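Here's the structure we're looking at; comments come further down.
Residue numbers (this note's numbering): 2 to 40.
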């Protein structure tokens, strides 16, 4: 979803949507570069 405007986008970003990972405090991250987001 954000791969078109991310400077770190990789090929997988346009093919597989990463899952959201809870960072606590109401914050979430969904990025293939972040541990736990890619199945």
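Cβ coordinates follow ideal geometry from the N, Cα and C atoms, glycine included.
Since we're looking at a predicted model, the values are computed, not measured.
Exercise. Sort 39, 31, 23, 36 by Cα distance to residue 3 and report the nearest one.
Key: Against the chain shown, residue 3 aligns to sequence position 2. The residue with the shortest Cα to Cα distance from residue 3 is 31.
Practice problem: Tell me whether residue 28 sits in a helix, a strand or coil according to DSSP, three-state version. | Solution: If you number the chain shown from 1, residue 28 lands on position 27. Taken through DSSP and simplified to helix, strand or coil, residue 28 comes out as strand.
Quiz item: Closest by CA to residue 10, which one among 33, 38, 39, 37?
Solution: On the chain shown, residue 10 is found 9 positions in, with the first residue counted as 1. Closest by C-alpha distance to residue 10, out of 33, 38, 39, 37, is 33.
Quiz item: Are the beta-carbon atoms belonging to residue 19 and residue 39 less than 8 Å from one another?
Solution: As a working note, residue 19 is residue 18 in the chain shown. As a working note, residue 39 is residue 38 in the chain shown. Yes, they are a contact pair.
Practice problem: Please confirm whether residue 22 and residue 37 have their CB atoms less than 8 Å apart. | Solution: As a first step, residue 22 is located in the chain shown; it is residue number 21 there, counting from the start. As a first step, residue 37 is located in the chain shown; it is residue number 36 there, counting from the start. With contacts defined by Cβ atoms closer than 8 Å, residue 22 and residue 37 form a contacting pair.
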